[in-house]
Structure formats: C-alpha cells, structure tokens
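See below for the structure under consideration.
Numbering (the numbering used here), first residue to last: 5 to 302.
Here it is as structure tokens:
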C-alpha cells in the first residue's frame, strides 16, 4: 500500500458506493484487482461492484487503520502514520519535505506555546531544524523569510529595524540543503495571514522576485533607499555579473511595476537596479554593516 493507491481506492469506494463503477484500465486499478481480488476486467474496462467496494473498504481499513470511505486524510508526518501502519511512507510528505530551519535575533523561538532558547554564547547557531507539521502555533507577530543559509546564523548580529528583532526567522530553503522552498512557503502561508511578513533577500532581481512571491509578504528588508546607488556602485560590493544572469527575474519585476502592482519605493528600487546593472548580496550587507530598512512591497 502506498499513498497513491490509498487515494485511488478512497475515491472509488466513496463514489456511488451502492452501485457498480466502471474505470479505465489504469495501472493503479489493475494493482487493486491483483492485490485485493476485488473487481474484474470486462471489455478493456475495470468493473467494481458494490460488494467489491465494500470488501475493499474493509480490507484497506484493516490494513492501514484509515477508512477510505470516509476519505480520511492521511497524516503528513511519518511518525503519526507509523502508529497505525508498518509502511510509514504512507505519510503525505517525505521527511525532506517536512523540515524547516527557524531562528530569531533575540535568541528565542516561540512556538506551540513554548519558548525555545537558541544562540548559545559558545557557538554561533543557524537555529533549530524542526518538523513543520509538528508546529501548531507560532507566538511571533512577525516572520522574516531569509534567502541565504549563511545569514541565518548571523541574525543576532545585524542592526535591524525594531520590528524584526523579536521576529521568527525562517530559512527559505534551496535544493542543495535539507530544507525545501515549498516547506517554508507552506509554513508562511499557514501562519502568515494575520502576521507581518518580511522578506530578507539579496538586493538583486532574483532576491526581489523571491520577496514578491512569498505568501502574505508585506515588506522587503534591505539597504535603505538613500544608500542604494552608493553600494551598487562600490567596487567591493556591487556585483554586475550577478545582475546580468537574472534577466528573467528582471523582466518579471518590470512587468509588475509597469502594471502598477508594486509600491512606489519598490518600483524605484527596481528602476535603480536596472539603471546601475548591479546587485548587492546579503553577505555584503553584513560585512560592510550596511544600514537596513523596510520597504513596502505593495
């Protein structure tokens, strides 16, 4: 039994349970017949009688602990599934798609009604790598989504606007780490509707695109407007090569700006990047102690 098979059977037994159902001869349907001995092939079609459906429901409920007729939602995490079934992979999400990295500049992550102490004086920590599905409550008013992993361990070292100092920092994730971008996105979407969402990314087309596509995002955190040109022009900071590889992201930003979907400050930043053909990365913001401020996104 796997999740696809469970869902296929669930849809079958819940649909007109007191009548026969005909299905196209799919691989999943054939597997059901072979595995459970319910249903038969007739003129190239799969046929399941009301009795077949009743028997399938009984067999699957006995095997998994979940009732397919009730369209029960299988748990997302493997540990919960393991309580009911030998195949923990019935879980909705693989382990790699359930974990995210959290931190906070003040050293305390406040989730599930508890305050977790981070940032020990003896070592610089990137935060706590934890199961997203295990988080039911976030006791932070502000979430900061961070583009680059190296910045997570530096969150307590930045000079930040006051609103971001007690915020929960969430690593956006990337394909090279165990933290996936869809996990952080789902997390922010789940808890962000009634919170202030800030995106801290590189000051380049891709970084701004990330900011504009994070759910519920209110602000972008980056260099204050009066310093943009200075840092973009500065030889040891401004990165022209990085800008040139992000033409697709710039086209996306220009389209939104042209359509009036962005705030005036955000449109001004996009115009500045285009004029200077340069970018400023988060690591440079830290190394050069660049003053940071909040820019409304829309």
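Think of the CB as a built atom: it goes at the ideal place given N, C-alpha and C, for glycine as much as any other residue. As the structure is a prediction and not an experimental result, all values here were calculated from the model.
Residue 294 and residue 235 - do their beta-carbons sit closer together than 8 Å?
The answer is yes: Cβ separation under 8 Å.
Among 188, 204, 103 and 213, nearest to residue 158 - alpha-carbon criterion:
Taking residue 158 as reference, the option from 188, 204, 103 and 213 with the minimal CA-CA separation is 204.
State buried or exposed for residue 94, treating a residue as buried only when at least 16 other CB atoms are found within 10 Å of its CB.
Residue placement at residue 94 cannot be trusted, given a pLDDT of 49 that sits under 50; the coordinates are not used to answer.
Residue 301 and residue 216 - do their beta-carbons sit closer together than 8 Å?
Cβ distance < 8 Å, so residue 216 and residue 301 count as in contact.
Where residue 46 sits in the DSSP three-state scheme:
DSSP places residue 46 in strand when its eight states are reduced to three.
At the level of alpha carbons, what is the spacing between residue 274 and residue 178?
Their Cα atoms are separated by approximately 24 Å.
Apply the 10 Å Cβ neighbour rule to residue 296 and answer buried if 16 or more other Cβ atoms are within range, or exposed otherwise.
Residue 296 should be labelled buried.
Which residues share a DSSP beta bridge with residue 112?
Bridge pairing for residue 112: 121 [DSSP].
Measuring straight from C-alpha to C-alpha, what distance separates residue 162 and residue 263?
Taking the straight line joining both Cα atoms gives about 34 Å.
Determine the DSSP secondary structure at residue 155, reduced to helix, strand or coil.
Note: residue 155 maps to helix in three-state DSSP.
Got a sec? Which residues, its chain only, sit under 8 Å from residue 130 by beta carbon, not counting five neighbours each side?
Excluding sequence neighbours, residue 130 sits near 105, 107, 153, 156, 157 and 175.
What are the start and end residues of the alpha helix (DSSP H) that includes residue 186?
Boundaries of the alpha helix (DSSP H) harbouring residue 186: 185-195, taken from the DSSP string.
Taking all protein chains shown into account, decide if residue 118 is buried (16 or more other Cβ within 10 angstroms of its Cβ) or exposed.
Under this definition residue 118 is an exposed residue.
Taking the alpha-carbon positions, what's the residue 111 to residue 271 distance?
Between residue 111 and residue 271, the C-alpha separation is close to 34 Å.
In terms of residue numbering, what span does the alpha helix (DSSP H) encompassing residue 68 cover?
In the DSSP annotation of this structure, the continuous segment of the alpha helix (DSSP H) that includes residue 68 starts and ends at 54-68.
Using C-beta distances below 8 Å, list every residue in its chain close to residue 59, excluding the 5 sequence neighbours before and after it, in chain order.
For residue 59, where only same-chain residues beyond five positions count, the Cβ hits under 8 Å are 40 and 42.
Own chain, CB closer than 8 Å to residue 167, minus 5 neighbours either side, in chain order:
If we look at residue 167 and ignore the five residues flanking it on each side, its Cβ neighbours are 146, 200, 202 and 298.
Where do the N-terminal and C-terminal ends of the alpha helix (DSSP H) with residue 165 fall, by residue?
Boundaries cannot be given for residue 165, as no alpha helix (DSSP H) includes it and DSSP labels it neither H nor E.
Rounded straight-line distance, which links the Cα of residue 134 to that of residue 17
Whole-angstrom Cα-Cα distance: 36 Å.
Looking at C-alpha atoms only, which residue of 252, 26, 54 and 12 is the closest neighbour of residue 47?
Ranking the options by Cα distance to residue 47, first place goes to 26.
Excluding sequence positions up to five away, which residues of its chain have a Cβ less than 7 Å from the Cβ of residue 15?
The answer is none, since no qualifying residue turns up.
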